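Since the structure comes first, as structure tokens, the remarks are kept for the end.
In the working numbering, the protein residues as written are 25 to 686.
Listed below in structure tokens is the structure:
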């Protein structure tokens with residue numbers, strides 16, 4: 025029901041957005057007959073002159089005709105959208121009714137199952153009593169009646185199951201219709217049929233929209249069905265946030281007497297402060313990695329990781345952990361709201377300090393933030409005037425930078441401040457729009473630029489799907505993003521149900537970053553009691569030190585993660601993670617599963633760890649290495665021995681090239 029309520033809200037937004045976007049332009053040359061009436065007191069000659077036909081210039085007539093044609097086209101488009109919206113609402117209403125019927129059917133099934141349990145208990149007791157006294161006819165009759173009641177209860181349960189299955193099938197068909205109509209109305213991507221939803225697709229969703237999970241977590245998404253599974257992942261605000269505390273405080277002012285200390289004493293104080301900063305950053309990295317592992321909102325942390333790379337800031341440039349932590353929370357707070365993020369980033373003290381906007385003032389400008397705001401954060405350098413006619417220019421950079429004068433922060437409190445005395449109050453011309461713009465108004469102008477939605481959508485698609493999107497694919501999801509005022513959830517719902525997301529080109533196409541690799545290993549194997557300091561050290565060694573991107577453009581991803589040295593490091597790190605003494609692969613593996621042979625164990629681990637086939641030779645080598653193994657019901661007797669053998673197989677799998685991708 026929650027998904028359908030979300031669709032209802034989305035439907036309202038689509039209808040309103042469409043009507044606003046397509047409202048006719050009023051043509052004063054052909055509309056407004058009242059304006060042509062003569063005023064009181066005019067002479068007859070004036071009235072005659074007014075009534076006389078006017079000579080219309082060809083250019084004006086052509087323009088009037090064009091305006092009329094545009095108005096008719098928009099009216100027709102509005103009518104088509106209203107018809108689509110009506111069909112969507114009808115389908116939604118049918119889904120609501122079917123969902124209500126399904127809930128009732130499940131309730132009836134539960135009640136029938138309870139009655140069956142009671143009837144079976146009574147029948148067993150009656151039969152035992154009759155068997156104990158074979159010559160007692162009343163007891164025999166009672167046993168027969170109880171057995172009949174048990175049969176009737178069994179039939180009722182089977183009938184209820186059939187009804188629930190039938191209702192569930194009808195609901196899936198109706199939700200197929202709803203999702204398809206919504207995608208058409210929003211102009212999004214084509215969806216896969218819900219009947220194609222299976223374990224592999226649920227696993228793909230959890231790996232890309234999160235960091236993976238155990239077989240039981242994946243199976244839970246399978247059981248939900250595609251729509252509810254995607255809803256569960258995307259609408260993470262409906263679940264509690266991770267409850268992990270971290271105490272990071274603003275940078276305190278130095279003591280008042282510091283100016284009277286010797287140079288050596290001041291230097292010692294500064295060194296002590298830098299050590300404290302390094303310790304805080306180390307705590308923050310461990311805290312964030314643990315959040316990625318434990319958060320019940322995996323998409324929230326995955327998006328936070330994406331925005332950390334998109335709005336890259338390296339804390340070492342200014343050594344203030346509080347600012348970096350506040351920025352990380354900003355990314356999390358507006359993870360699915362790009363509008364809020366772009367507005368927030370121009371007032372973000374960490375970004376202001378990193379790009380030196382605190383020095384940007386009238387008469388002494390600094391263009392760093394104004395440049396990156398367009399080049400990296402919104403429109404994209406690929407859409408600049410160097411490449412496209414309507415792209416931003418160097419003049420737009422200068423003008424946007426003037427709008428950002430006075431945007432600074434207070435170091436002791438870590439809070440944004442606007443200083444009017446530093447603000448350049450003269451008019452600015454940004455992307456052809458003239459006015460005395462502030463930095464926030466410039467953000468609004470950038471969000472209106474046609475390239476912004478495409479640029480952000482392309483980066484999101486490359487992060488979640490693959491790195492070679494078709495232009496028409498990006499146009500489709502950008503349209504959904506733009507029409508929803510840069511709210512990501514409608515676009516992500518469409519993306520995570522699309523043929524593109526589950527297509528062959530997307531499968532095993534994402535090379536895991538070190539953080540994704542380590543966090544994913546912990547989640548896939550269900551490892552407990554993790555030493556997050558070691559995980560952080562592994563990520564840093566592999567080139568992924570959180571809060572320390574190499575430059576303002578972030579990390580080079582994809583193939584850059586697997587140089588020959590880094591690949592060896594990645595193999596060693598996951599091997600060390602699995603080989604710790606407290607890692608119990610046996611307990612993880614036997615969680616609800618049973619195995620009777622080495623082949624079954626190896627096949628289960630391959631399916632659990634890899635999305636690519638490792639080939640018959642490697643599979644046989646692992647089976648041979650594992651050797652003769654008793655059924656899993658007998659493993660506890662030889663726990664240490666079997667756990668060691670299982671660890672070796674897992675290390676082989678995690679050290680394979682196939683494990684580096686998802």
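Heads up, the beta-carbon is just placed ideally off N, CA and C, and yes, glycines get one too.
The structure presented is a predicted model; accordingly, all values stated were derived computationally and were not measured.
Simplified DSSP state of residue i, which is helix, strand or coil
| i | result |
| --- | --- |
| residue 666 | helix |
| residue 402 | coil |
| residue 191 | helix |
| residue 653 | coil |
| residue 254 | helix |
| residue 76 | For residue 76, the pLDDT reaches just 48, beneath the cut-off of 50, and the residue's location in the model is therefore unreliable, although a value from the coordinates is still provided. It is coil, neither helix nor strand. |
| residue 69 | Confidence in residue 69 is poor, its pLDDT being 48 and thus under 50, which makes the residue's placement unreliable; the coordinate value appears in the next sentence. Correct three-state label for residue 69: helix. |
| residue 535 | strand |
| residue 675 | helix |
| residue 238 | coil |
| residue 433 | strand |
| residue 213 | coil |
| residue 522 | strand |
| residue 310 | helix |
| residue 464 | helix |
| residue 572 | coil |
| residue 459 | strand |
| residue 619 | coil |
| residue 439 | strand |
| residue 453 | strand |
| residue 687 | This structure cannot settle anything about residue 687, because the visible part of the chain is limited to 25 through 686. |
| residue 317 | helix |
| residue 7 | One cannot answer for residue 7 here, as it falls past the ends of the chain, which runs 25 to 686. |
| residue 604 | coil |
| residue 302 | helix |
| residue 680 | coil |
| residue 579 | coil |
| residue 551 | coil |
| residue 444 | helix |
| residue 233 | coil |
Contact under 9 Å by Cβ, residue i with residue j
| i | j | result |
| --- | --- | --- |
| residue 599 | residue 678 | yes |
| residue 523 | residue 327 | no |
| residue 398 | residue 420 | yes |
| residue 577 | residue 400 | yes |
| residue 462 | residue 515 | no |
| residue 236 | residue 544 | yes |
| residue 570 | residue 261 | no |
| residue 318 | residue 234 | no |
| residue 263 | residue 320 | yes |
| residue 183 | residue 251 | no |
| residue 257 | residue 245 | yes |
| residue 368 | residue 378 | no |
| residue 180 | residue 136 | yes |
| residue 464 | residue 371 | yes |
| residue 453 | residue 386 | no |
Integer-rounded CB distance, given that residue j should sit under 8 Å from residue i
| i | j | result |
| --- | --- | --- |
| residue 537 | residue 585 | 6 Å |
| residue 375 | residue 339 | That belief does not hold up - the Cβ atoms of residue 375 and residue 339 are roughly 12 Å apart, past 8 Å. |
| residue 424 | residue 466 | 5 Å |
| residue 154 | residue 167 | 4 Å |
| residue 497 | residue 274 | 44 Å between Cβ atoms; not a contact. |
| residue 191 | residue 125 | 5 Å |
| residue 520 | residue 122 | Actually they are not in contact, since the Cβ atoms of residue 520 and residue 122 sit about 23 Å apart, beyond 8 Å. |
| residue 442 | residue 430 | 5 Å |
| residue 297 | residue 373 | Not a contact, Cβ separation roughly 18 Å. |
Cβ shell of residue i (< 6 Å), same chain only, five flanking positions each side left out
| i | result |
| --- | --- |
| residue 143 | 173, 174 and 177 |
| residue 502 | 477, 478 and 481 |
| residue 341 | 378 |
Sequence-distant residues of the same chain with beta carbon closer than 7 Å to residue i, five excluded per side
| i | result |
| --- | --- |
| residue 504 | 210, 211, 212, 514, 515 and 518 |
| residue 610 | 659, 663, 666, 667 and 670 |
| residue 646 | 626, 673 and 676 |
| residue 220 | none |
| residue 362 | 480, 510 and 512 |
Residue-chain proximity (residue i, chain C), Cβ-Cβ < 9 Å
| i | result |
| --- | --- |
| residue 237 | Among the chains of the structure shown, chain C does not appear; only one protein chain is present. |
Sequence-distant residues of the same chain with beta carbon closer than 8 Å to residue i, five excluded per side
| i | result |
| --- | --- |
| residue 539 | 313, 316, 329, 563, 568 and 570 |
| residue 472 | none |
| residue 553 | 606 |
Cβ-heavy atom distance, residue i to the ligand FMN, below 8 Å
| i | result |
| --- | --- |
| residue 237 | This structure simply doesn't include the ligand FMN, nor any ligand for that matter. |
**Asked** Which ranges would you report for the alpha helix (DSSP H) in the stretch 323–408 if only whole runs of at least 4 residues count?
**Response** 345–357, 362–369, 373–378 and 392–399
**Continuous alpha helix (DSSP H) assignments of at least 4 residues falling wholly in the stretch 482–512** = Whole alpha helix (DSSP H) segments, 4+ residues: 495–507.
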